[in-house]
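Scroll down for the structure; my scribbles are underneath it.
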Amino acid sequence: MATIAKAPNSCELDKLQNRGWQVQAKPRGAGPEEYKFVQGRTSTTVKVDVNRVDGTDLDSDGWTYEEAVSRALTVSMNLNYVQKGDLPLVTESQRLLKLAGESLGGDNKVDVRVWRTDIDEGWESTFGVMWEDQDGDANGFRSASVTLSSVCAPKRIKSVEEGNEKAASVEVDKAELRKVLDPAGESDAS
């Protein structure tokens, strides 16, 4: 009998911790010098949701056929309220997100960029904000849950380097991404 193929042992591979995400927010349309770190985060999840349409027909031999037709970038965060010094206010970035999350129309949108600190991966977009205060026990911290949903197409960016926290983001070359999906590089990357 032939030997069955299996993946190499993964014990020597380094694992990436989820705390490697950094998030900055600024008022919509403001310059990059207005970016401020979102502090107090206890968890951050960044995901691309893909919407599919069923294209199954009578000739598909009973198998479904779905085509990916749209997507959205979602950034979800849980955070503890944090104060700046003795001021009775949350930090500027938390206040921006909270007020935007309570607003309608254009006031509900903020510019956000999120990137990894352990690998070169990031996103930047205008996002709609949902802010939800969380209940807690008397001995717990005041906390909130924040969901950011992209408005239109986000940009893939390189991780922000130290010293460039107030500089414009550097976009990833789409041709480099295309090489992963299509080694011939003939189609358009998005």
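Take any residue in the sequence shown, note its place counting from 1, add 134, and you have its number in this note's numbering.
Even glycine gets a Cβ: it sits at the ideal position worked out from N, Cα and C.
Since the model is a prediction, treat every value here as computed from it, not as a measurement.
Between which two residues does the beta strand (DSSP E) containing residue i stretch?
| i | result |
| --- | --- |
| G262 | 256 to 268 |
| A139 | A139 -> no beta strand (DSSP E), and no H or E assigned at all. |
| K289 | 277 to 291 |
Which residue comes first and which comes last in the alpha helix (DSSP H) that contains residue i?
| i | result |
| --- | --- |
| L311 | 308 to 315 |
Grouping DSSP H, G and I as helix and E and B as strand, with all else coil, what is residue i?
| i | result |
| --- | --- |
| Q217 | strand |
| S303 | coil |
| A234 | helix |
| D252 | coil |
| D241 | helix |
Within the same chain, show all residues whose beta-carbon is closer than 6 Å to that of residue i, passing over the 5 residues directly before and after it, in chain order.
| i | result |
| --- | --- |
| T281 | S210, M264 |
| Y215 | V224, R276 |
| K289 | E258, E305 |
| D267 | A278 |
| K232 | W265 |
Just checking my contact of residue i with residue j at CB under 8 Å: how many whole Å lie between their CB atoms?
| i | j | result |
| --- | --- | --- |
| P333 | V244 | This structure gives no information on residue 333, because the portion of the chain shown stretches from 135 to 324. |
| S227 | F261 | Not really, about 13 Å apart at Cβ, beyond 8 Å. |
| I291 | V314 | Rounded, the Cβ-Cβ distance is 17 Å, inconsistent with contact. |
| A302 | L213 | Rounded, the Cβ-Cβ distance is 26 Å, inconsistent with contact. |
| V157 | T178 | 6 Å |
| R250 | G154 | 5 Å |
In its own chain, which residues sit with a C-beta less than 7 Å from the C-beta of residue i, not counting the 5 before and 5 after it?
| i | result |
| --- | --- |
| D183 | R205, A206, T208 |
| K181 | T208 |
| D241 | A234 |
| D254 | K292, S293 |
| T176 | N212, L213, N214 |
For residue i, which residues of its own chain have a beta-carbon under 8 Å away from its beta-carbon, when the five flanking residues on both sides are left out?
| i | result |
| --- | --- |
| W197 | T190 |
In the segment 149 to 211, which residue ranges form an unbroken beta strand (DSSP E) of at least 3 residues, counting only runs that do not cross its ends? For the segment 149 to 211, whole beta strand (DSSP E) runs of length 3 or above, ordered along the chain, are 155 to 161, 175 to 188.
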